[in-house]
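Enquirer: Following this message is one structure expressed as C-alpha cells.
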Amino acid sequence: MKKSVVLGIDIGGSGVKGALVDTQKGEFISERIRIPTPSAHNMDSILSVIEKLVSEFKWSGRIGCGFPGVIRSQKIETAANIGGRAFIGKNLGKEIKKACGCDAWVINDADAAGIAEVKFGAGKGCKKVVLMLTVGTGIGSAIFSDGVLLPNVEFGHLRMRDKVQKKNIIAEKICSDAVRKSHDLQWKQWAQRFNKYLEYVHSLVWPDLIILGGGIASKSEKFMKYIKSDSEIVVAELQNRAGIIGAAYEARRMIK
C-alpha cells in the first residue's frame with residue numbers, strides 16, 4: 001500500500017464513517033463504510049466502532065479521525081453533540097493507538113472537511129477568506145485565510161433568538177439539518193432560518209466564499225434556490241466525503 005494512503009474516519013452524531021484515502025489525490029480508494037453512532041456516547045463505544053472499521057479494512061497504517069468538538073494539543077476540549085464530559089480531556093489519538101495499534105491524528109470534524117475542500121474541492125486555489133459550514137446533526141465551521149486554517153471556530157454555537165421559546169439559544173438548535181427533520185420543516189422554511197444564520201455569521205467574518213458541506217450537501221437541489229448571502233456561496237464538491245478526506249490528509253501531514 002502506498003505511503004500516501006491513510007484510513008480516514010469521520011465521527012458524527014448519527015454515524016461513524018470510514019474509507020481509505022489517497023491523500024495525494026484527495027480521493028477514496030475504497031468503498032465508504034458507515035456504522036451508526038452508538039447510543040452510548042462514551043469512549044469505549046466509539047473505540048469499538050473504530051476497531052470495527054479497522055478490522056473491515058484490514059488496516060495497520062495511519063488513521064486520521066475527525067471529531068465533533070474542539071481539539072487542542074490532541075486533547076478533546078468540547079463534545080457537545082456526542083457525550084460531553086465523557087470525552088473532555090481525553091486524547092482520542094492515543095486511545096485509538098492502544099485499541100487498534102495504529103498511529104492516529106485527531107482533528108475537529110469541520111476543520112477536516114474544510115481542509116479537504118480547500119486542498120481538493122470547491123475552495124481549491126482560493127486565496128481569500130473561505131468559510132466552510134458543515135450542516136448535519138449540528139453545524140460545524142472552519143475558516144481559512146489564504147489557505148491557512150484558524151482551528152476550532154465553533155460558529156454553530158453562536159446564539160440566535162428563537163421566536164417560539166422567546167430566548168437566545170445556540171444556532172444549531174434552530175437551523176441544523178437535524179432540526180429541519182425533527183420539526184418536519186419544508187426546505188423553504190428551513191432556508192429562511194438558515195439565511196438569518198448566514199447573515200449573522202457574515203457580519204462577523206465577511207468571508208469571500210462560503211462552502212456548504214456536511215450531510216445536507218447531497219440535497220443541494222432542494223434548498224440552494226432559497227439560500228441568500230452577500231458572499232459567493234457554493235456547495236462542497238466533495239460533499240460528505242470531505243471530513244474523511246481532510247482527516248486522512250492531516251494524519252499523513254502530522255504523523256511522521
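Using the numbering used here, you'd call the opening residue of the sequence shown number 1 and step up by one each time.
For every residue, glycine included, the Cβ atom is placed at its ideal position computed from N, Cα and C.
Keep in mind that this is a model prediction, so the values were computed, not measured.
Would you kindly work out how many angstroms separate the C-alpha atoms of I35 and K97, rounded to a whole number?
Expert: By 1-based counting over the sequence shown, the position of residue 35 is 35. By 1-based counting over the sequence shown, the position of residue 97 is 97. Those two C-alpha atoms are separated by around 20 Å.
Enquirer: Output needed for V153: all residues of its chain with C-beta closer than 6 Å, excluding positions within five of it in sequence on either side, in chain order.
Expert: To locate residue 153, count along the sequence shown from 1; it is residue 153. Only S141, I143 meet the Cβ criterion.
Enquirer: Quick check on L204: buried or exposed, where buried means 16 or more other Cβ atoms within 10 Å of its Cβ?
Expert: Indexing the sequence shown from 1 puts residue 204 at position 204. Exposed: under 16 other Cβ atoms inside 10 Å.
Enquirer: A104 lies in the beta strand (DSSP E); which residues open and close that run?
Expert: Your numbering for residue 104 matches position 104 in the sequence shown. Its beta strand (DSSP E) spans residues 104 to 108.
Enquirer: Mind listing, in chain order, the continuous beta strand (DSSP E) runs of no fewer than 3 residues lying wholly within the segment 162 to 197?
Expert: Whole beta strand (DSSP E) segments, 3+ residues: 167 to 170.
Enquirer: Which same chain residues, not among the five before or five after Q192, have their C-beta less than 8 Å away from its C-beta?
Expert: Position 192 of the sequence shown holds residue 192. Counting only Cβ-Cβ distances below 8 Å, and skipping sequence neighbours, we find Y226.
Enquirer: To which residues does DSSP link S145 through a beta bridge?
Expert: Taking the first residue of the sequence shown as position 1, residue 145 is located at position 145. For S145, which the question treats as bridged, DSSP gives the partners V129, V148.
Enquirer: Within a Cβ cutoff of 6 Å, which residues of the same chain sit near F120, ignoring the five residues on either side of it in sequence?
Expert: Looking up residue 120 in the sequence shown gives position 120. Around F120: G26.
Enquirer: Report the option in G136, G89, V148 whose CA atom is closest to the CA atom of G117.
Expert: On the sequence shown, position 117 is the one that residue 117 refers to. In the sequence under discussion, the amino acid at residue 117 is Glu, which differs from the Gly named in the question. Closest option to E117, Cα to Cα, is V148.
Enquirer: Whole beta strand (DSSP E) runs in the segment 73 to 105 with 3 or more residues, listed along the chain?
Expert: None, since the segment 73 to 105 contains no complete beta strand (DSSP E) of that length.
Enquirer: R32 by DSSP, collapsed to three states: which one?
Expert: Here residue 32 refers to the residue found at position 32 when the sequence shown is read from its first residue. If DSSP states are grouped into helix, strand and coil, R32 belongs with coil.
Enquirer: Mapping the DSSP letters down to three states, classify F57 as helix, strand or coil.
Expert: The sequence position of residue 57 within the sequence shown is 57, counting from 1. Residue state, collapsed to three classes: coil.
Enquirer: Could you pull the start and end residues of the alpha helix (DSSP H) that F223 belongs to?
Expert: As a first step, residue 223 must be located in the sequence shown, where it is residue number 223. Run containing F223: 220 to 223, per the alpha helix (DSSP H) assignment.
Enquirer: Could you tell me the distance, in whole angstroms, from the CA atom of G69 to the CA atom of K2?
Expert: For the purposes of this step, residue 69 is taken as the residue at position 69 of the sequence shown. For the purposes of this step, residue 2 is taken as the residue at position 2 of the sequence shown. When rounded, the distance between both Cα atoms is 30 Å.
Enquirer: Is the separation between the beta-carbon of K90 and that of K75 shorter than 8 Å?
Expert: As a first step, residue 90 is located in the sequence shown; it is residue number 90 there, counting from the start. As a first step, residue 75 is located in the sequence shown; it is residue number 75 there, counting from the start. Contact flag set, yes.
Enquirer: Grouping DSSP H, G and I as helix and E and B as strand, with all else coil, what is V16?
Expert: Within the sequence shown, the letter at position 16 stands for residue 16. The answer is strand: DSSP assigns V16 an E or B state.
Enquirer: Counting Cβ pairs, one atom from each stretch, are 3 or more of them under 8 Å apart for the segment 224 to 238 and the segment 154 to 171?
Expert: In short, these stretches do not touch, since the Cβ pair count stays below three.
Enquirer: Pick helix, strand or coil for L209, following the three-state DSSP scheme.
Expert: Numbered from its first residue, the sequence shown carries residue 209 at position 209. If DSSP states are grouped into helix, strand and coil, L209 belongs with the strands.
Enquirer: Indicate the three-state DSSP secondary structure (helix, strand or coil) for V6 in the structure shown.
Expert: Stepping through the sequence shown from its first residue, residue 6 is reached at position 6. Strand, per DSSP.
Enquirer: If the criterion is Cβ atoms closer than 8 Å, does the pair G243 and A80 meet it?
Expert: Here residue 243 refers to the residue found at position 243 when the sequence shown is read from its first residue. Here residue 80 refers to the residue found at position 80 when the sequence shown is read from its first residue. No.
Enquirer: To the nearest angstrom, how far is it from the Cα of A19 to the Cα of M254?
Expert: Reading the sequence shown from its first residue, position 19 is the one you call residue 19. Reading the sequence shown from its first residue, position 254 is the one you call residue 254. Computed Cα separation, rounded: 19 Å.
Enquirer: Which whole-angstrom value describes the C-beta separation of V54 and A248, a residue pair presumed to lie in contact below a C-beta threshold of 8 Å?
Expert: Counted from its first residue, the sequence shown places residue 54 at position 54. Counted from its first residue, the sequence shown places residue 248 at position 248. In fact, because the Cβ distance is near 14 Å, the residues do not count as touching under 8 Å.
Enquirer: Contact check, D184 vs V129 under 8 Å by CB: the rounded distance?
Expert: By one-based count along the sequence shown, residue 184 stands at place 184. By one-based count along the sequence shown, residue 129 stands at place 129. No, D184 and V129 are not in contact; Cβ-Cβ is about 35 Å, not under 8 Å.
Enquirer: List the whole-angstrom C-beta distance separating I103 from R72, where the pair is believed to meet the contact cut-off of C-beta under 8 Å.
Expert: Position 103 of the sequence shown, counted from the first residue, corresponds to residue 103. Position 72 of the sequence shown, counted from the first residue, corresponds to residue 72. Here residue 103 is Asp; the residue named in the question, Ile, does not match the sequence. Not really, about 19 Å apart at Cβ, beyond 8 Å.
Enquirer: Assuming T134 and S14 make a contact with CB atoms under 8 Å, what is their CB distance in whole Å?
Expert: Here the question's residue 134 lines up with position 134 in the sequence shown. Here the question's residue 14 lines up with position 14 in the sequence shown. Actually they are not in contact, since the Cβ atoms of T134 and S14 sit about 13 Å apart, beyond 8 Å.
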